[in-house]
Amino acid sequence: MKSTTNQTKAYIFALIAVLFWSTMSSVFKITLRFIAFDELLLWSSLSGFFILMIINQVSSKRIVFSSLKGKEVLSSALMGFFNPFLYYFVLFKAYELLEAQIAGTLNYIWPIALVLMSIVFLKQKIGLLSIVAVFVSFAGIVLISTKGRFSGYGDISLFGVFLAVFSAFIWAYYWILNMKDKREESGKIVLNLFFGCLYILLYLIITSRPICLPSTEAFMGILYIGAFEMSFTFVIWLMALNNSENTAKVSNLIFLSPFIGLFFIYFFVGEEIHITTIAGLIAIIGGIILQQFSGEKKKESI
């Protein structure tokens with residue numbers, strides 16, 4: 002009975018997290034109407050850092066800064082460069098150049114990017130089914146980025162498409178680094194956010210960008226992103242994983258996020274959802290599921 006109750010909690014926590022993540026494409030796009038992409042990164046990283054710091058310090062596994070080892074600090078300095086600094090720097094710029102539905106959906110290929118990067122960095126072998134999965138997802142990328150106009154990109158920013166896809170590879174590499182780092186998650190992310198804030202602040206100083214307080218409209222978006230993209234939702238997702246009998250039962254719910262996100266984009270951003278976006282998203286998710294199936298088959302054969 003206790004196991005059933007915990008699994009129910011896991012589904013509830015997971016669905017809450019998925020719901021918040023589903024709103025992010027809309028919030029990114031709307032907030033970028035009121036603030037530049039690099040300033041958005043600075044303020045949202047700062048808000049995420051302070052929010053997660055409070056959550057971490059009231060928990061039983063709070064980080065003790067005086068006991069940090071040099072290796073841990075260097076590890077977070079490296080990870081903070083990739084996330085939040087480089088990842089969101091590239092992603093926010095992609096959202097600035099593209100429709101929310103295109104930037105958000107293309108970014109969602111990160112599990113496929115993870116497979117490709119695992120070949121290089123983890124020396125993993127890729128099977129035939131995985132190769133098919135990559136091509137299926139790649140077909141989705143082409144369909145979304147061309148809107149089905151295979152003679153050219155039309156009014157779509159090719160640089161924006163590159164950035165959206167590149168952000169997925171940045172996230173995949175960060176995920177590889179994160180898998181190798183066995184520290185407690187919330188404390189680790191707090192340190193990563195701290196270094197990410199330093200990097201974006203340094204960037205703004207080097208480029209002589211004036212750092213201004215955000216407008217009221219931008220500030221609301223910044224708080225939302227800091228809380229529900231970079232900090233609080235992460236804790237909710239961990240609670241879902243910790244209460245679940247196995248991670249697969251809740252992890253697959255993440256596939257709902259991009260589809261729900263399209264509804265938010267339609268109603269709140271005002272974008273007309275292209276049929277090619279839906280078809281391309283189905284192809285990308287299909288490729289990811291195919292890749293997961295390939296991984297399960299490989300485990301069974303061991």
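In the working numbering, the protein residues as written are 2 to 303.
The C-beta atom is built at its ideal place from N, Cα and C for all residues, glycine as well.
Everything numeric in this text was worked out from a predicted model, so none of it was measured.
- The three-state secondary structure of serine 245, taken from DSSP, is coil.
- Shown here, glutamine 102 sits in a helix according to DSSP, grouped into three states.
- The C-beta separation of tryptophan 172 from tryptophan 111 comes to about 5 Å, placing the pair in contact by the 8 Å criterion.
- Closest option to leucine 99, judged by alpha-carbon separation, among Ile266, Gln293, Thr248, Gln292: Ile266.
- With contacts defined by Cβ atoms closer than 8 Å, leucine 205 and leucine 43 form a contacting pair.
- Per DSSP, valine 143 is one residue of the alpha helix (DSSP H) stretching across 129-147.
- Distance from the CA atom of isoleucine 31 to the CA atom of isoleucine 177, rounded to whole angstroms, is 31 Å.
- Rounded to the nearest whole angstrom, the C-alpha separation of alanine 95 and threonine 5 is 42 Å.
- By a beta-carbon distance limit of 8 Å, serine 27 does not contact phenylalanine 220. Their separation comes to about 17 Å.
- Lysine 181 sits in a helix when the DSSP states are folded into three classes.
- Per the coordinates, the alpha-carbon of phenylalanine 14 lies some 31 Å from the alpha-carbon of aspartate 39.
- Here glycine 105 has Ser26, Pro259, Gly262 as same chain residues with Cβ atoms under 7 Å from its own Cβ, once five neighbours each way along the sequence are excluded.
- For proline 112, the enclosing alpha helix (DSSP H) starts and ends at 111-122.
- Judged by beta-carbon spacing, phenylalanine 196 lies within the 8 Å limit of phenylalanine 82, meaning their Cβ atoms are closer than that value.
- Between the region 182-201 and the region 60-78, the count of C-beta pairs closer than 8 Å reaches three or more; the two stretches touch.
- Nearest C-alpha to tyrosine 174 among Ile120, Met54, Leu254: Ile120.
- Around the beta-carbon of leucine 129, fewer than 16 other beta-carbon atoms lie within 10 Å, marking it exposed.
- The criterion of a C-beta distance shorter than 8 Å is not satisfied by valine 116 and isoleucine 103.
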